[in-house]
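Protein chains in written order, with our numbering: chain A, 101 to 446; chain B, 101 to 446.
We put the beta carbon where it would ideally sit given N, CA and C, even for glycine.
These numbers were taken from a predicted model, which means no experiment stands behind them.
For reference, the structure discussed in these notes is given below.
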DNA sequence: TCTGCCAATGTAAACGTTTCAAATGTTCAT
DNA sequence: ATGAACATTTGAAACGTTTACATTGGCAGA
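Put into structure tokens, the structure is as follows:
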């Protein structure tokens with residue numbers, strides 16, 4: 101007997117029927133203690149473990165949820181997955197994880213694979229939530245899903261996010277409040293992230309409100325961490341900026357590094373702010389100023405939300421969680437003289 | 101017809117048998133182009149997607165691998181999972197991800213859940229690879245598995261890792277070479293990570309070789325990022341250290357932060373070195389000196405390795421990948437005067 | 001003793017695949 | 001015309017569960 105023991109084997113061993121065994125395993129309460137004991141003894145003796153695939157085939161639901169994130173390399177997504185996992189674990193749900201690498205093309209393939217697995221529902225962070233074929237597919241097939249970090253325009257889609265535009269608005273304002281008038285936003289490419297665009301909108305709104313005309317934008321491929329060249333002109337050129345607003349903390353950390361590489365100090369010469377609130381931001385020097393979102397909590401919420409949808413709860417609601425500005429020291433007051441000196445130095 | 105279309109539906113629609121449909125889907129080459137066309141038309145028309153659970157039940161293998169990591173919050177593991185995912189994706193394998201949160205108790209539960217899913221094999225990063233009940237279970241059940249980051253004592257277990265002791269030895273030596281004689285290692289608790297212990301061993305070996313008697317050790321819970329108190333005495337006390345070797349880069353970043361909090365500069369007053377080589381280490385100031393392991397590559401390798409075992413390749417081999425020291429500037433030459441000044445300053 | 005009821009257990013039919021063995025058709029040399 | 005050889009296709013039996021329904025037996029009430 102080399103193959104794995106099945107329920108039938110347990111039944112034979114315990115002299116009971118396969119149905120009783122099944123009941124002992126799934127509804128322990130509905131079976132007399134003695135029989136349960138016999139069965140569990142056989143289970144232990146044979147080292148039996150239920151084949152979940154048999155169950156999944158029979159049952160209408162699989163107690164499995166699919167998760168799609170752009171990448172695990174950015175701690176903001178890794179942390180959200182942690183939250184999802186925790187909550188899933190507590191509920192005895194299995195998580196199927198995939199990543200798109202920010203590639204809209206791969207999103208469909210990944211979701212397709214998840215659907216083939218007959219997941220009960222999905223948690224997705226999409227490149228672009230609006231006009232997305234994946235969203236259309238899911239709606240058409242009536243598969244419950246929750247968007248995470250996306251802020252779709254349509255109101256009938258469940259989504260958990262912070263207010264992206266407002267986050268960017270706030271961090272930008274924090275710089276403006278310190279006297280900065282010449283700012284650039286460093287953002288991931290808009291095609292790869294609607295968050296990027298929304299955050300850029302918030303950045304622009306803040307500048308507009310302050311009556312600042314000049315709006316610089318530097319876009320980089322996702323995963324790129326070398327900002328030395330992309331920022332050269334804006335840091336050293338004739339109309340050099342004094343503040344860099346980054347659409348993610350990862351970019352902010354890279355921006356600080358680039359400033360240093362150009363001989364500029366942060367926040368002495370240039371101020372830098374980020375968005376996301378990844379934990380490492382609080383450990384580096386200067387401590388990163390960021391619009392912090394409750395990332396892990398958002399993951400948990402997303403799963404809780406999804407469970408509701410799976411249970412049949414209708415009318416998906418979007419949830420905008422509050423963000424807050426962290427008290428870092430990567431944003432400083434403008435000091436015209438210091439900035440001039442360092443920019444002429446090169 | 102609200103329920104999902106099945107293969108039977110496709111067969112009916114295309115006027116062919118269910119067996120032919122199956123063949124078109126699984127072995128497209130072995131079927132005349134015309135019939136294939138008819139079938140795929142029906143598939144498209146019905147929006148049919150194969151139910152993987154049906155297949156998994158019938159087949160002996162599931163084309164699914166289970167992955168267990170301590171946490172995704174540490175980029176070193178997140179990155180390795182990225183590597184695993186990439187390779188799995190290319191092979192059309194599904195990844196089931198779980199995390200133990202460094203808790204040995206939870207390892208068994210997590211692996212058990214993965215086995216219930218009938219994964220074809222496992223990639224595990226265990227708290228402690230030696231005398232581990234999970235390892236025993238897997239060996240007993242003859243489930244292929246590969247350890248990642250673990251360096252087990254037994255030679256008959258497949259494992260992919262760098263040489264942990266040697267990594268620590270090298271980074272420690274780098275400090276000694278700069279004149280440091282008073283060193284501490286900051287490590288995660290040994291019960292939660294055999295890597296920690298192995299790295300501590302390497303640290304000790306380097307000190308021994310240099311004839312340094314005093315071996316300081318500070319152990320912290322995993323996930324802990326506040327080292328201000330744990331390091332207070334060793335940074336400010338009478339026999340303050342000049343160098344901190346950390347068993348992970350995350351700890352190293354936290355250690356640098358703690359030094360700053362105590363008014364000490366890195367590397368001016370204290371040198372700090374890490375192990376792992378997480379990417380953010382290269383972006384912060386000072387650039388982190390670290391014993392770098394090819395994390396993502398290790399993930400890919402682990403999966404490639406696992407595929408071999410699943411295919412029946414016997415005699416699992418361990419693989420020690422090379423590490424290298426990164427050229428950072430968190431390790432500086434000893435400057436007795438400077439160190440004294442700053443330590444008396446407080 | 002019989003009836004009816006209830007608790008405990010068992011029987012058997014799915015669930016959606018894959019795949020072996022068998023059936024059907026087609027081609028071609030004889 | 002016959003049948004061998006082959007290319008296609010099909011029927012049907014698993015795979016390991018869950019669960020509606022049937023069966024069993026014990027026991028209370030008459």
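Identify, in the order they occur along the chain, each residue of the same chain with its Cβ nearer than 6 Å to the Cβ of residue 262 of chain B, setting aside the five sequence neighbours on each side. Within the second chain, the letter at position 162 stands for residue 262 of chain B. Result list for residue 262 of chain B: 393, 421, 423, in chain order.
Which residues in the same chain have their Cβ closer than 6 Å to the Cβ of residue 331 of chain B, if we skip the five residues on either side of it in sequence? As a position in the second chain, residue 331 of chain B is number 231, starting the count at 1. Closer than 6 Å at the Cβ level, and outside the excluded window around residue 331 of chain B, lie 358.
Keeping to the same chain, check which residues put their C-beta closer than 6 Å to that of residue 175 of chain A; ignore five residues upstream and five downstream. Along the first chain, one-based indexing puts residue 175 of chain A at 75. So the qualifying residues of the chain are 378.
Any heavy atom of the ligand FAD within a distance shorter than 8 Å of the CB on residue 182 of chain B? The ligand FAD is not part of the structure shown, which contains no ligands of any sort.
DSSP three-state assignment for residue 274 of chain B, whether helix, strand or coil: The residue you call residue 274 of chain B lines up with position 174 of the second chain. DSSP places residue 274 of chain B in helix when its eight states are reduced to three.
DSSP has residue 259 of chain B in a bridge; who is on the other side? By 1-based counting over the second chain, the position of residue 259 of chain B is 159. The secondary-structure analysis by DSSP pairs residue 259 of chain B across a beta bridge with B:247.
Leaving out five residues on either side along the sequence, give the residues of the same chain with a beta carbon under 8 Å from the beta carbon of residue 254 of chain A. Start at 1 with the first residue of the first chain, and residue 254 of chain A comes out as number 154. Counting only Cβ-Cβ distances below 8 Å, and skipping sequence neighbours, we find 230.
So what's residue 298 of chain B in DSSP terms, helix, strand or just coil? Walking along the second chain from the start, residue 298 of chain B turns up at place 198. Residue 298 of chain B: helix per DSSP, three-state reduction.
Tell me residue 316 of chain B's beta-bridge partners as DSSP assigns them. Translated into the one-based positions of the second chain, residue 316 of chain B becomes position 216. Note: residue 316 of chain B sits in a beta bridge opposite B:284.
In the DSSP assignment, find the alpha helix (DSSP H) that holds residue 428 of chain B and state where it starts and stops. Translated into positions along the second chain, residue 428 of chain B becomes position 328. Looking at the DSSP string, residue 428 of chain B is not in any alpha helix (DSSP H), and its letter there is neither H nor E.
Against chain A, which members of the region 380-405 of chain B pass a CB distance test of less than 7 Å? 380, 383, 384, 385
Residue 303 of chain A versus A:294, A:155, A:316, residue with shortest Cα-Cα distance: Taking the first residue of the first chain as position 1, residue 303 of chain A is located at position 203. Of A:294, A:155, A:316, the residue nearest in Cα terms is A:316.
State the beta-bridge partners of residue 371 of chain A as determined by DSSP. Locating residue 371 of chain A in the first chain gives position 271, counting from the first residue. Paired residues: A:343.
Rounded straight-line distance, which links the Cα of residue 138 of chain B to that of residue 117 of chain B: Against the second chain, residue 117 of chain B aligns to sequence position 17. Against the second chain, residue 138 of chain B aligns to sequence position 38. Looking at the two C-alpha atoms, the distance is approximately 12 Å.
I need the boundaries of the beta strand (DSSP E) containing residue 391 of chain B, first residue and last residue. The residue given as residue 391 of chain B occupies position 291 in the second chain. Residue 391 of chain B: member of the beta strand (DSSP E) spanning 389-392, first to last residue.
Using DSSP bridges, identify the partner residues of residue 199 of chain A. Here residue 199 of chain A refers to the residue found at position 99 when the first chain is read from its first residue. Beta bridge pairing from DSSP links residue 199 of chain A with A:169.
Please state if the CB of residue 320 of chain B and the CB of residue 288 of chain B are separated by a distance shorter than 9 Å. As a first step, residue 288 of chain B must be located in the second chain, where it is residue number 188. As a first step, residue 320 of chain B must be located in the second chain, where it is residue number 220. At a Cβ-Cβ threshold of 9 Å, residue 288 of chain B and residue 320 of chain B count as neighbours.
Can you give the Cα-Cα distance for residue 173 of chain B and residue 134 of chain A, rounded to whole angstroms? One-based indexing of the second chain puts residue 173 of chain B at position 73. One-based indexing of the first chain puts residue 134 of chain A at position 34. Taking the straight line joining both Cα atoms gives about 45 Å.
Please report the distance separating the alpha-carbon of residue 159 of chain A from that of residue 239 of chain B. The count along the first chain starts at 1 and reaches residue 159 of chain A at position 59. The count along the second chain starts at 1 and reaches residue 239 of chain B at position 139. The alpha-carbon atoms of residue 159 of chain A and residue 239 of chain B are separated by roughly 32 Å.
What does residue 185 of chain A touch in chain B if you count any residue whose Cβ is under 9 Å from its own? By 1-based counting over the first chain, the position of residue 185 of chain A is 85. Going along chain B in sequence order, the residues near residue 185 of chain A (Cβ under 9 Å) are 172, 197, 198, 199.
Following the continuous alpha helix (DSSP H) through residue 403 of chain A, name the residue where it begins and the one where it ends. Position 303 of the first chain, counted from the start, is the residue given in the question as residue 403 of chain A. Residues 395-410.
Considering just the uninterrupted stretch of the alpha helix (DSSP H) at residue 223 of chain B, what are its terminal residues? Locating residue 223 of chain B in the second chain gives position 123, counting from the first residue. Note, residue 223 of chain B: premise wrong, no alpha helix (DSSP H); beta strand (DSSP E) at 221-224.
Quick check on DSSP: helix, strand or coil for residue 240 of chain A? One-based indexing of the first chain puts residue 240 of chain A at position 140. Looking at residue 240 of chain A - three-state DSSP - the assignment turns out to be helix.
Residues bridged to residue 420 of chain B by DSSP? Position 320 of the second chain, counted from the start, is the residue given in the question as residue 420 of chain B. In DSSP, residue 420 of chain B forms a bridge with B:261.
Residue 154 of chain A at chain B interface by Cβ criterion, 9 Å: As a position in the first chain, residue 154 of chain A is number 54, starting the count at 1. Residue-level contact check: residue 154 of chain A touches chain B, since one or more beta carbons of chain B fall below 9 Å from its beta carbon.
Taking the C-alpha atoms as reference points, what is the distance between residue 129 of chain B and residue 293 of chain A? Working through the second chain from its first residue, we reach residue 129 of chain B at position 29. Working through the first chain from its first residue, we reach residue 293 of chain A at position 193. Using only the alpha carbons, I get a separation of about 39 Å.
Are the region 265-281 of chain B and the region 337-349 of chain B touching by the rule of at least three beta carbon pairs closer than 8 Å? yes
Could you work out which residues of chain A lie near residue 181 of chain B, taking near to mean beta carbons separated by less than 7 Å? The residue labelled residue 181 of chain B in the question sits at position 81 within the second chain. Going along chain A in sequence order, the residues near residue 181 of chain B (Cβ under 7 Å) are 172.
So who's on the other strand from residue 164 of chain B, going by DSSP bridges? As a position in the second chain, residue 164 of chain B is number 64, starting the count at 1. Partner(s): B:194.
Return the CA-CA distance between residue 348 of chain A and residue 146 of chain B, expressed in angstroms with no decimal places. Start at 1 with the first residue of the first chain, and residue 348 of chain A comes out as number 248. Start at 1 with the first residue of the second chain, and residue 146 of chain B comes out as number 46. Cα-Cα distance, rounded: 42 Å.
So, is the C-beta of residue 276 of chain A closer than 9 Å to a C-beta in chain B? For this step, residue 276 of chain A is matched to residue 176 along the first chain. By this cut-off, residue 276 of chain A is not an interface position.
Using only the alpha-carbon positions, how far apart do residue 209 of chain A and residue 234 of chain A sit? Working through the first chain from its first residue, we reach residue 209 of chain A at position 109. Working through the first chain from its first residue, we reach residue 234 of chain A at position 134. Roughly 9 Å between the two C-alpha positions.
Note down the Cα distance separating residue 430 of chain A from residue 381 of chain A, rounded to an integer number of angstroms. Looking up residue 430 of chain A in the first chain gives position 330. Looking up residue 381 of chain A in the first chain gives position 281. Near 10 Å, if we compare the C-alpha coordinates of residue 381 of chain A and residue 430 of chain A.
With a threshold of 9 Å between beta carbons, is residue 212 of chain A in contact with chain B? The sequence position of residue 212 of chain A within the first chain is 112, counting from 1. Yes - at least one Cβ of chain B is within 9 Å of the one on residue 212 of chain A.
Excluding the 5 residues flanking residue 152 of chain B on each side, which residues of the same chain have their C-beta closer than 7 Å to its C-beta? Locating residue 152 of chain B in the second chain gives position 52, counting from the first residue. Excluding residues within five positions, none has a Cβ falling inside 7 Å.
What's the C-alpha gap between residue 237 of chain A and residue 201 of chain A? To locate residue 237 of chain A, count along the first chain from 1; it is residue 137. To locate residue 201 of chain A, count along the first chain from 1; it is residue 101. Rounded to the nearest angstrom, the gap between the Cα atoms of residue 237 of chain A and residue 201 of chain A is 20 Å.
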